[in-house]
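S.K.:
2 protein chains.
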Amino acid sequence: MAKTDNIQEPAVDTTEQRIFEAAREVFTQKGMDGAKMQEIADRAGINKALLHYYYRSKEKLYEMVARAIVGKMLPTIRQLLESEQAFEDKIRGFIDFYIDIIGRNPFIPLFVITEINKHPERFFETILPKDLPRPEVFFSQVEAEVAAGRIRPIAPQHLLVNMISMCIFPFVAKPMIRILLGMSPGEIRLFLEERKREVTAFMLAGLRP
Amino acid sequence: MAKTDNIQEPAVDTTEQRIFEAAREVFTQKGMDGAKMQEIADRAGINKALLHYYYRSKEKLYEMVARAIVGKMLPTIRQLLESEQAFEDKIRGFIDFYIDIIGRNPFIPLFVITEINKHPERFFETILPKDLPRPEVFFSQVEAEVAAGRIRPIAPQHLLVNMISMCIFPFVAKPMIRILLGMSPGEIRLFLEERKREVTAFMLAGLRP
DNA sequence: GCCACATTTTACCAAACGGTTAAATCAAAT
DNA sequence: ATTTGATTTAACCGTTTGGTAAAATGTGGC
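So the sequence lines, in the order shown, correspond to chains F and W. Here the first sequence stands for residues 170 to 378, numbered as in the working numbering. Here the second sequence stands for residues 170 to 378, numbered as in the working numbering.
1. If you draw a straight line from the alpha carbon of W:Ala-191 to that of W:Pro-298, how long is it in whole angstroms?
2. Would you say W:Asp-202 reaches chain F, if we count a Cβ-Cβ gap shorter than 8 angstroms as a contact?
3. Taking 8 angstroms as the CB-CB limit, is W:Leu-350 close to chain F?
4. Report the CB separation of F:Met-206 from W:Ser-334 in whole angstroms; it is logged as a contact under 8 angstroms.
5. Which of the three DSSP states is assigned to W:Tyr-224 in this structure?
6. Mind checking the segment 324-349 of chain W against chain F and listing, in chain order, the residues whose C-beta falls within less than 9 angstroms of any C-beta there?
7. Alpha carbon to alpha carbon, what distance is there between F:Leu-249 and F:Gly-262?
8. To the nearest angstrom, how far is it from the Cα of F:Asn-341 to the Cα of F:Ala-235?
9. Taking only beta carbons into account, state which residues of the segment 259-287 of chain W come closer than 9 angstroms to chain F, listed in chain order.
10. Output the distance between the C-alpha atoms of W:Ser-309 and W:Gly-318, rounded to the nearest integer angstrom.
11. Count the C-beta pairs between the segment 206-219 of chain F and the segment 182-196 of chain F that are closer than 8 angstroms, then say yes if the count reaches three, no if not.
12. Could I get the ranges of all uninterrupted alpha helix (DSSP H) runs contained in the segment 189-270 of chain W, with 4 residues as the minimum, in chain order?
13. Please report the residue range of the alpha helix (DSSP H) in which W:Asn-331 lies.
14. Is the number of C-beta pairs between the segment 224-242 of chain W and the segment 270-289 of chain W that are closer than 8 angstroms three or more?
15. Using the three-state DSSP reduction, which class does F:Leu-361 fall into: helix, strand or coil?
16. Would you verify that the beta carbon of F:Lys-365 is, or is not, closer than 8 angstroms to some beta carbon of chain W?
17. Could you tell me whether any Cβ in chain F is nearer than 8 angstroms to the Cβ of W:Leu-359?
18. Kindly list, in the order they appear in chain W, the residues whose Cβ is closer than 8 angstroms to that of F:Arg-321.
19. Give the interface partners of W:Ile-244 over in chain F, defined as CB-CB distance under 9 angstroms, in chain order.
20. Could you pull out every residue in the same chain whose Cβ sits closer than 6 angstroms to the Cβ of F:Ile-176, ignoring the five residues on either side in sequence?
21. Does the CB of W:Phe-371 have a neighbour CB from chain F at under 8 angstroms?
22. Answer yes or no: do F:Asn-286 and W:Leu-220 have a C-beta to C-beta separation smaller than 8 angstroms?
23. Name, please, each residue of chain W whose Cβ falls closer than 9 angstroms to the Cβ of F:Leu-301.
24. Give me the Cα-Cα distance between W:Ile-246 and F:Ala-316, rounded to the nearest whole angstrom.
25. Kindly say whether F:Pro-354, judged by its beta-carbon, lies nearer than 8 angstroms to any beta-carbon of chain W.
26. Is the CB of F:Lys-199 under 8 angstroms away from at least one CB in chain W?
27. I'd like to know whether the C-beta atoms of W:Pro-339 and W:Ile-346 end up nearer to each other than 8 angstroms.
28. Using a Cβ distance threshold of 8 angstroms, determine whether the segment 361-374 of chain F contacts the segment 370-377 of chain W, with at least three qualifying pairs required.
29. What does F:Pro-304 touch in chain W if you count any residue whose Cβ is under 8 angstroms from its own?
30. Kindly indicate if chain W contains any beta-carbon less than 8 angstroms away from that of F:Pro-298.
31. What residue does the alpha helix (DSSP H) around F:Thr-183 start on, and which one ends it?
32. Using the C-alpha atoms, what's the distance from W:Arg-321 back to F:Lys-199?
33. Any idea if W:Gln-254 is buried or exposed, counting beta-carbon neighbours within 10 angstroms, 16 or more meaning buried?
34. Select from W:Thr-184, W:Asp-182, W:Thr-197, W:Pro-244 the residue whose C-alpha is nearest the C-alpha of W:Thr-283.
35. Please state the DSSP three-state secondary structure of F:Leu-301.
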């Protein structure tokens, strides 16, 4: 809700942080291969020499940026999955918070997906932290709801993937959807805002016994 | 169902087609920036000189590959959206066929999404054909079902995006989901196969009045 | 004034890469 | 045997790019 829980939040405006922020922008938008060190330097308002003065190599800088992004997303997901709320509240909270975060950082999912697909080894060995979110808590919660007859029988893994898909994909494929549905930039923005309500409604409807 | 309706199907094995096929593989997996002409030549089993002998430039080759991919996907979507089946059959058919095609060409969605995000101008002006699928037929079908009380009230655009999201996203984010759910390569393959049944069930459940 | 550090300037290097050229080789058709 | 087109070889070019070196300049604190 607050603008300050954006993924990027430079505490103070040091040159080092301006560089890092510039690198984050360029890397997320152009990927490792498409990003140029010169452009990062330009966007940070410094020159290439100073860029290498702070960050040794492109590879290292990229890894730091990727780690920062992934390392900030995972705890959020973990928190959403492991929270102790009642089931329906949890679903509502997950969708609400998740769409909110992605709406404010729409480049992140595509960046992570691209990175993981193009350089799996580097991602799993260097970027991904060791302590991953444990969906087990959520899964047993789903199974309990099913057993109690409060929701329709469904495999908890598919339930989770359905929910995540409907939250993330529209942002990842925003321009594609925009064209397919013939929407103006204003209309697609509105459409994506509606999805908080819409996905929640669809999830709960799909789970009715 | 048949292996022959794969998106890649070299009719005869000419050198020109082997090059094109190699380019398709490299471009879809590494993107425009990450792809190297040398690698395309290597994978086609020829040398760089011959590569330029058949295809003038990297840019042109890339555009041809992209056009071929997009040009083959769109008519399929169009057909699925504009078919004249009864509503539930249409939903079933869409999910079934769509997941089937993506399962056999899992690199395509990410390729299209990346291309559209990194080079929107080129995509819309050079690659995307002019005649797009018209979802209006499908939309009025949804509205008719809602009016007749046969499905729960829902905006047809959100319905369509929900369905497409649940079909495509798991393939795009396959390695991510694999790690999150702690699955082996065999398990994730099974999981993705299950989704045909699962997404259909979830869609129909979510639409019950 | 001097020191430590940040920053700029400039020049440079080596490698990678897209693309070209020209001559040589190969193979099948005539 | 000759021609024709496909293919290779190998050298080469210009540009981009990541990265380095070194000297000069700026700047704030002591």
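The beta carbon of each residue, even a glycine, is placed where N, CA and C say it ideally should be. Here the structure is a predicted model, which means the values were calculated and not measured.
M.R.: The short version:
1. Reading the second sequence from its first residue, position 22 is the one you call residue 191 of chain W. Reading the second sequence from its first residue, position 129 is the one you call residue 298 of chain W. In a straight line, the C-alpha of W:Ala-191 is about 23 angstroms away from that of W:Pro-298.
2. Mapped onto the second sequence, residue 202 of chain W falls at position 33. Yes - at least one Cβ of chain F is within 8 angstroms of the one on W:Asp-202.
3. As a working mapping, residue 350 of chain W is identified with position 181 in the second sequence. Contact of W:Leu-350 with chain F is assigned, a C-beta pair being separated by under 8 angstroms.
4. Here residue 206 of chain F refers to the residue found at position 37 when the first sequence is read from its first residue. Here residue 334 of chain W refers to the residue found at position 165 when the second sequence is read from its first residue. Contact between F:Met-206 and W:Ser-334 does not hold, since the beta-carbon distance rounds to 36 angstroms and is not under 8 angstroms.
5. Within the second sequence, the letter at position 55 stands for residue 224 of chain W. Three-state DSSP puts W:Tyr-224 in coil, outside helix and strand.
6. Near chain F, meaning a CB-to-CB distance below 9 angstroms, the residues of the segment 324-349 of chain W are Ala-324, Gln-326, His-327, Leu-328, Leu-329, Val-330, Asn-331, Ile-333, Ser-334, Met-335, Cys-336, Ile-337, Phe-338, Pro-339, Val-341, Ala-342, Lys-343, Pro-344, Met-345, Ile-346, Ile-348, Leu-349.
7. Translated into positions along the first sequence, residue 262 of chain F becomes position 93. Translated into positions along the first sequence, residue 249 of chain F becomes position 80. C-alpha of F:Gly-262 to C-alpha of F:Leu-249: approximately 8 angstroms in a straight line.
8. Translated into the one-based positions of the first sequence, residue 341 of chain F becomes position 172. Translated into the one-based positions of the first sequence, residue 235 of chain F becomes position 66. Note that residue 341 of chain F corresponds to Val in the displayed sequence, not to Asn. Spanning the alpha carbons of F:Val-341 and F:Ala-235 requires a straight line of approximately 18 angstroms.
9. For the segment 259-287 of chain W, which is checked against every Cβ of chain F, the residues closer than 9 angstroms are Phe-276, Pro-278, Leu-279, Val-281, Ile-282, Thr-283, Ile-285, Asn-286, Lys-287.
10. Indexing the second sequence from 1 puts residue 309 of chain W at position 140. Indexing the second sequence from 1 puts residue 318 of chain W at position 149. Those two C-alpha atoms are separated by around 14 angstroms.
11. Yes, the segment 206-219 of chain F touches the segment 182-196 of chain F.
12. Within the segment 189-270 of chain W, the complete alpha helix (DSSP H) runs of at least 4 residues are 206-213, 217-223, 227-251.
13. Residue 331 of chain W sits at position 162 when you count from the first residue of the second sequence. Element bounds for W:Asn-331: 325-341.
14. Between the segment 224-242 of chain W and the segment 270-289 of chain W there are three or more C-beta pairs closer than 8 angstroms, enough to call the two in contact.
15. To locate residue 361 of chain F, count along the first sequence from 1; it is residue 192. Of the three classes helix, strand and coil, the one that applies to F:Leu-361 here is helix, per DSSP.
16. Residue mapping note: residue 365 of chain F aligns to position 196 of the first sequence, counting from 1. Chain W contact via Cβ: absent.
17. Here residue 359 of chain W is taken as the residue at index 190 of the second sequence, counted from 1. Not one chain F Cβ lies under 8 angstroms of W:Leu-359.
18. Position 152 of the first sequence holds residue 321 of chain F. Going along chain W in sequence order, the residues near F:Arg-321 (Cβ under 8 angstroms) are Ala-374.
19. By one-based count along the second sequence, residue 244 of chain W stands at place 75. Per the sequence shown, the amino acid found at residue 244 of chain W is Pro instead of Ile. None at all; the shortest Cβ gap to chain F is about 14 angstroms.
20. Residue mapping note: residue 176 of chain F aligns to position 7 of the first sequence, counting from 1. Legend: pLDDT at F:Ile-176 = 40, less than 50; position of this residue unreliable, no value from coordinates given.
21. Counting from 1 along the second sequence, the entry for residue 371 of chain W is found at position 202. Interface flag for W:Phe-371 against chain F is set, since a Cβ pair is found closer than 8 angstroms.
22. In the first sequence, the residue the question calls residue 286 of chain F occupies position 117. In the second sequence, the residue the question calls residue 220 of chain W occupies position 51. The Cβ-Cβ distance between F:Asn-286 and W:Leu-220 does not fall below 8 angstroms.
23. If you number the first sequence from 1, residue 301 of chain F lands on position 132. Neighbourhood of F:Leu-301 in chain W, by CB distance below 9 angstroms: Ile-348, Leu-349, Gly-351, in chain order.
24. Your numbering for residue 246 of chain W matches position 77 in the second sequence. Your numbering for residue 316 of chain F matches position 147 in the first sequence. Roughly 38 angstroms between the two C-alpha positions.
25. For the purposes of this step, residue 354 of chain F is taken as residue 185 along the first sequence, with counting starting at 1. So, not an interface residue.
26. To locate residue 199 of chain F, count along the first sequence from 1; it is residue 30. Taking Cβ atoms only, chain W reaches closer than 8 angstroms to F:Lys-199, which makes this a yes.
27. Here residue 339 of chain W refers to the residue found at position 170 of the second sequence. Here residue 346 of chain W refers to the residue found at position 177 of the second sequence. If you check the CB distance, W:Pro-339 and W:Ile-346 come in under 8 angstroms.
28. Result yes; three or more Cβ-Cβ pairs closer than 8 angstroms.
29. Start at 1 with the first residue of the first sequence, and residue 304 of chain F comes out as number 135. Within 8 angstroms Cβ-Cβ: Leu-349, Leu-350.
30. Position 129 of the first sequence, counted from the start, is the residue given in the question as residue 298 of chain F. Not an interface residue.
31. Along the first sequence, one-based indexing puts residue 183 of chain F at 14. It is not in any alpha helix (DSSP H) - F:Thr-183 carries neither H nor E in the DSSP assignment.
32. The sequence position of residue 199 of chain F within the first sequence is 30, counting from 1. The sequence position of residue 321 of chain W within the second sequence is 152, counting from 1. In a straight line, the C-alpha of F:Lys-199 is about 42 angstroms away from that of W:Arg-321.
33. Mapped onto the second sequence, residue 254 of chain W falls at position 85. Result: exposed.
34. Position 114 of the second sequence, counted from the start, is the residue given in the question as residue 283 of chain W. Checking every option, the nearest Cα to that of W:Thr-283 belongs to W:Thr-197.
35. In the first sequence, the residue the question calls residue 301 of chain F occupies position 132. The answer is coil: DSSP assigns F:Leu-301 none of H, G, I, E or B.
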